[in-house]
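Number of protein chains: 2
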Amino acid sequence: MTSSFFPPQRTLMGPGPSDVSPRVLGALSRPTIGHLDPLFVQLMDEIKGLLQYVFQTSNGLTIPVSAPGSAGMEACFVNLVSPGDTVIVCQNGVFGGRMKENVERCGATAIMVEDDWGQPVSVAKVEAAFAAHPEASTLAFVHAETSTGARSDVAALCALAKANNALSIVDTVTSLGGIELKVDEWGADAVYSGTQKCLSCIPGISPVTFSPAAVERIQNREHKVQSWFLDMQLVMGYWGPNAKRAYHHTAPVNDLYALHESLVMLQEEGLENAHARHLRNHKALVAGLEAMGLSMAVAEEHRLPQLNAVNIPDGVDDAEVRSALLQDFNLEIGAGLGALAGKTWRIGLMGHASSERNVLACLTALEAVLGRQGAAITTGAALPAAKAQLKG
Amino acid sequence: MTSSFFPPQRTLMGPGPSDVSPRVLGALSRPTIGHLDPLFVQLMDEIKGLLQYVFQTSNGLTIPVSAPGSAGMEACFVNLVSPGDTVIVCQNGVFGGRMKENVERCGATAIMVEDDWGQPVSVAKVEAAFAAHPEASTLAFVHAETSTGARSDVAALCALAKANNALSIVDTVTSLGGIELKVDEWGADAVYSGTQKCLSCIPGISPVTFSPAAVERIQNREHKVQSWFLDMQLVMGYWGPNAKRAYHHTAPVNDLYALHESLVMLQEEGLENAHARHLRNHKALVAGLEAMGLSMAVAEEHRLPQLNAVNIPDGVDDAEVRSALLQDFNLEIGAGLGALAGKTWRIGLMGHASSERNVLACLTALEAVLGRQGAAITTGAALPAAKAQLKG
Chain R
1351 MTSSFFPPQR TLMGPGPSDV SPRVLGALSR PTIGHLDPLF VQLMDEIKGL LQYVFQTSNG
1411 LTIPVSAPGS AGMEACFVNL VSPGDTVIVC QNGVFGGRMK ENVERCGATA IMVEDDWGQP
1471 VSVAKVEAAF AAHPEASTLA FVHAETSTGA RSDVAALCAL AKANNALSIV DTVTSLGGIE
1531 LKVDEWGADA VYSGTQKCLS CIPGISPVTF SPAAVERIQN REHKVQSWFL DMQLVMGYWG
1591 PNAKRAYHHT APVNDLYALH ESLVMLQEEG LENAHARHLR NHKALVAGLE AMGLSMAVAE
1651 EHRLPQLNAV NIPDGVDDAE VRSALLQDFN LEIGAGLGAL AGKTWRIGLM GHASSERNVL
1711 ACLTALEAVL GRQGAAITTG AALPAAKAQL KG
Chain P
1351 MTSSFFPPQR TLMGPGPSDV SPRVLGALSR PTIGHLDPLF VQLMDEIKGL LQYVFQTSNG
1411 LTIPVSAPGS AGMEACFVNL VSPGDTVIVC QNGVFGGRMK ENVERCGATA IMVEDDWGQP
1471 VSVAKVEAAF AAHPEASTLA FVHAETSTGA RSDVAALCAL AKANNALSIV DTVTSLGGIE
1531 LKVDEWGADA VYSGTQKCLS CIPGISPVTF SPAAVERIQN REHKVQSWFL DMQLVMGYWG
1591 PNAKRAYHHT APVNDLYALH ESLVMLQEEG LENAHARHLR NHKALVAGLE AMGLSMAVAE
1651 EHRLPQLNAV NIPDGVDDAE VRSALLQDFN LEIGAGLGAL AGKTWRIGLM GHASSERNVL
1711 ACLTALEAVL GRQGAAITTG AALPAAKAQL KG
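So the sequence lines, in the order shown, correspond to chains R and P. The numbering of the first sequence is the numbering used here, which starts it at 1351 and goes up by one. The numbering of the second sequence is the numbering used here, which starts it at 1351 and goes up by one.
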């Protein structure tokens, strides 16, 4: 017989999921009601309004897809891309590669714009790609690369798309709620995110928003969207503006309670305050890590405050350190991904997990574990440096 | 400012979501851990084992898809069907139509076998369809039609598929946990279900299982699966037998805590006992409804105990009755769907909601509301009839 599962209380400072607030967990376990209940329909409207606030958009089609961020990505591609299309895809980490897969599975051609991992997407290279491929109808890129911790310039890239009569698809999985994101002002057309990063919510839902131009393209498609589950023409009947709330699929009711609560919390704090908190804790963490003698993998001007890629010092066993942090300190940090596997750690300071307490706990634990491994680090300097930064 | 959302405590006796046990809601809100945490990997193995038990299968590829049942359906179709294929699709309710949509979006041809709504799938018609279409490589049908409450013969239909060298795709969204389902013994190849019906779990996850023959077809595909998110060749790297637990997407960690707990509860009760409970409460409900003067929409031999389609008596306002049940009794029952909209109600007795308490509460509430509407019903007879049936 299998017994009930009781997870330990970890501190989640990896690339996501991040720590979920007790308020959100409390909302999650409220009694389930039906997905067509009038009170649930009211909740849906509130979620749409709150998502419009965090995305900084007035897009009518702003909803949570009932599946993780990867499905949100797929929702953007299968709805906007048709067979035979040309899509410029920027790759400066793992997730650009996943975008390429999506484009090709839609029967379209991906023109790849490659940048080194840890670098932002090069606006000049994208400009050159549009010049070489005037037929390109879509530009796709990642705002905050979760695999490297680098930030790209959404405003400049979306302006380039517009200037070339293309629509933009923007991955904001790790950016939403953690750094500035202005969907309308920057002119992004199809934007997807995840709940398990800076929204401090449980994993499993993907907020998306589509501009009027994106909706127009969806409505004028000649080729049916290849996914029934993600077909926005159908989903709009349940979630869309002026929708009749026609049954499409059973909404993940409790997960949406949790998303609602996490968005209410973000609204209470205020977006700008949340961004400032992410930045403050990031600076303290970096001050501590550098005082310890560690170095950051991404240049200062491109760093994401919510995802800190740290170079693994020579002679240190990557997996052993992460395992010791988990076993002895209940602290999860992330491994490097793809080209950076074994070379970096990814320390997340996302949402509820972006706190002074976590910065200090992480520095303490890391210093202890690296010390045990005999790494060439400076001891006793990290905490004072972080605290000084927090005071300053 | 938007405030926190506090749902009322409804009794969910519609077509799903059904009532979620407090034990499951408790598990749902336990602290989130990472999707690559060794303890989470252990949980994943336990979920696979428990799903093998409820599906009655030894299939290695038996996993929860990270999205609702509609995505589980799509996972079966996009992995098993390739462009140019011929698929025999049985339609005796809403969900056969959705299967047709899936087939066509895969670039394949759907040969429709139609039966009246409320009737089971005709084995003879399927046999004729195979004779007329020897090129058909897949047969798809619904075990328990949620839109009508009728049960079809999985064993006979899967045997027909096998005899014609075709694989079978079986929708068990409403059957799993509520009535007998023997995946291996009956020879079903790709089977999907949902968490929000007879598993008494929250909505949002879709258990699926693939036979060795189905896995072989997936591994030998020449055309890439059109969905990256649902591509079982990739998902197997995280969930599959002997998987390296390679990151594919972020698993919905808390939802899987809930699924695990609901499966543990089902294992504790025992599948046969759960089936017997569903049948006992169904018979009591029917006895009460008939004593009240109402009639069932499906012939006795094809009825699903977990989903009771009741003919709406003449002169009664469908929507008003359902609204009064919800407002005055916090009781949700389901409307008719598709061809049965306005003609039937669907009263669910699924999972945790299949209880004596709910049978009696539903009969009491329905009698009160129908009485107020001046419907021609017999009053005072329903409860004694239901209780007599429960005692017998």
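Even for Gly, the Cβ is constructed at its ideal location relative to N, Cα and C. Computed from a predicted structure; not experimentally measured.
Could you tell me the distance, in whole angstroms, from the CA atom of residue i to the CA atom of residue j?
i: Phe1679 (chain R); j: Asn1708 (chain R); result: 12 Å
i: Ser1371 (chain R); j: Pro1470 (chain R); result: 31 Å
i: Leu1716 (chain P); j: His1385 (chain R); result: 21 Å
i: Asn1463 (chain R); j: Cys1508 (chain R); result: As written in the sequence, residue 1463 (chain R) is Val, which differs from the Asn given in the question. Those two C-alpha atoms are separated by around 15 Å.
i: Ala1479 (chain R); j: Val1603 (chain P); result: 40 Å
i: Val1431 (chain P); j: Val1439 (chain R); result: 28 Å
i: Ala1647 (chain P); j: Lys1693 (chain P); result: 9 Å
i: Ala1540 (chain P); j: Ala1486 (chain R); result: 39 Å
i: Thr1522 (chain R); j: Ile1397 (chain P); result: 31 Å
i: Gly1686 (chain P); j: Leu1676 (chain R); result: 51 Å
i: Pro1414 (chain R); j: Arg1380 (chain R); result: 19 Å
i: Leu1635 (chain R); j: Glu1706 (chain R); result: 9 Å
i: Met1363 (chain R); j: Leu1378 (chain R); result: 22 Å
i: Leu1531 (chain P); j: Ala1481 (chain P); result: 27 Å
i: Ser1353 (chain P); j: Gln1359 (chain P); result: 19 Å
i: Ala1417 (chain R); j: Ala1626 (chain R); result: 29 Å
i: His1628 (chain P); j: Gly1446 (chain P); result: 25 Å
i: Tyr1542 (chain R); j: Asp1534 (chain R); result: 14 Å
i: Glu1566 (chain R); j: Gly1399 (chain R); result: 21 Å
i: Ala1564 (chain P); j: Asp1435 (chain P); result: 15 Å
Give the residues of chain R in contact with residue i, contact being defined as C-beta atoms less than 9 Å apart.
i: Pro1470 (chain P); result: None at all; the shortest Cβ gap to chain R is about 23 Å.
i: Met1351 (chain P); result: Val1614, Gln1617, Glu1618
i: Pro1418 (chain P); result: Ser1416, Ala1417, Phe1579, His1599, Thr1600, Ala1601, Pro1602
Among the residues of its own chain, which have a CB less than 7 Å from the CB of residue i, if the five just before and after it don't count?
i: Val1404 (chain R); result: Leu1526, Gly1527, Leu1613, Leu1616, Leu1621
i: Pro1365 (chain R); result: Thr1496, Leu1657, Gly1684, Arg1696, Gly1698
i: Thr1729 (chain P); result: Glu1717, Gly1721
i: Ala1460 (chain P); result: Val1437, Val1439, Lys1450, Val1453, Glu1454
i: Trp1660 (chain P); result: Rather than Trp, the amino acid found at residue 1660 (chain P) in this sequence is Val. These residues qualify, in order along the chain: Leu1639, Leu1644, Met1646, Ala1647, Thr1694, Trp1695, Ile1697.
i: Val1719 (chain P); result: Val1671, Ala1674, Leu1675
With a CB to CB cut of under 6 Å and the five nearest residues on each side skipped, what residues in its chain are close to residue i?
i: Gly1457 (chain R); result: Pro1433
i: Thr1545 (chain P); result: Cys1551, Ile1555, Leu1609
i: Trp1536 (chain R); result: Val1504, Ala1505, Cys1508
i: Ala1637 (chain R); result: Ala1735, Ala1736, Gln1739
i: Pro1367 (chain R); result: Gln1546, Pro1553
i: Leu1489 (chain P); result: Ile1438, Ala1511, Ala1516, Ser1518
i: Val1666 (chain P); result: Gln1723, Ala1725
Looking at the strands, I want to know which residues DSSP matches up with residue i.
i: Pro1557 (chain P); result: P:Pro1414
i: Tyr1542 (chain R); result: R:Asp1521, R:Val1558
i: Ile1697 (chain R); result: R:Asn1658
i: Ala1564 (chain P); result: Paired residue(s): none; Ala1564 (chain P) is not in a bridge.
i: Arg1501 (chain P); result: P:Ala1494
i: Thr1361 (chain R); result: R:Leu1681
Could you pull out every residue in the same chain whose Cβ sits closer than 8 Å to the Cβ of residue i, ignoring the five residues on either side in sequence?
i: Glu1424 (chain R); result: Asn1452, Ser1577, Leu1580
i: Thr1600 (chain R); result: His1385
i: Gln1402 (chain P); result: Ser1408, Asn1409, Thr1412, Thr1559
i: Pro1663 (chain R); result: Gly1643, Leu1644, Leu1720, Ala1725, Ala1726, Ile1727
i: Ile1383 (chain P); result: Leu1389, Phe1390, Val1603
i: Ala1641 (chain P); result: Thr1728, Ala1731, Ala1732, Pro1734, Ala1735, Ala1736
Is residue i near the ligand MG - that is, is its Cβ less than 6 Å away from at least one heavy atom of it?
i: Ala1725 (chain P); result: Absence of the ligand MG is noted for the structure shown, with no ligands found whatsoever.
So with CB distances below 8 Å, who are the chain P contacts of residue i?
i: Trp1467 (chain R); result: Here the premise fails: no neighbours, minimum Cβ distance about 16 Å.
i: Tyr1607 (chain R); result: Phe1355, Pro1357
i: Pro1381 (chain R); result: Pro1357, Pro1358, Gln1359, Arg1360, Val1370, Leu1375
Give the interface partners of residue i over in chain R, defined as CB-CB distance under 8 Å, in chain order.
i: Ala1377 (chain P); result: Ser1354, Phe1355
I'd like to know whether the C-beta of residue i is nearer than 7 Å to at least one C-beta of chain A.
i: Arg1707 (chain P); result: Although the question refers to chain A, the structure presented lacks it and instead comprises the protein chains R and P.
What does residue i touch in chain P if you count any residue whose Cβ is under 7 Å from its own?
i: Thr1436 (chain R); result: Under the 7 Å cutoff, chain P gives no residues; its nearest Cβ is about 19 Å from Thr1436 (chain R).
i: Lys1399 (chain R); result: Note that residue 1399 (chain R) is Gly in the sequence shown, not Lys. What Gly1399 (chain R) touches in chain P: Thr1352.
i: Gly1366 (chain R); result: Thr1600
Which residues of chain R have a Cβ atom closer than 7 Å to the Cβ of residue i, listed in chain order?
i: Lys1574 (chain P); result: Arg1455
Which runs of the beta strand (DSSP E), 3 residues or longer, sit entirely within the segment 1426-1464 of chain P?
-> Those beta strand (DSSP E) runs which fall completely within the segment 1426-1464 of chain P and span 3+ residues are 1436-1441, 1459-1464.
**Message:** If we require 3 or more residues per run, which beta strand (DSSP E) segments fall completely within the segment 1647-1679 of chain R?
**Reply:** Here the runs fully enclosed are 1657-1661.
**OP:** Can you check the segment 1368-1419 of chain P for any beta strand (DSSP E) of at least 3 residues that lies completely inside it and give the ranges in chain order?
**Re:** Runs of the beta strand (DSSP E) inside the segment 1368-1419 of chain P: 1411-1415.
*Entirely within the segment 1589-1644 of chain P and at least 4 residues each: give me those alpha helix (DSSP H) ranges in chain order.*
Qualifying alpha helix (DSSP H) stretches, in chain order: 1603-1619, 1621-1642.
(Q) My parser needs the beta strand (DSSP E) runs of 3 or more residues fully inside the segment 1691-1739 of chain P; what are they? (A) DSSP runs (the beta strand (DSSP E)) wholly in the segment 1691-1739 of chain P: 1694-1698.
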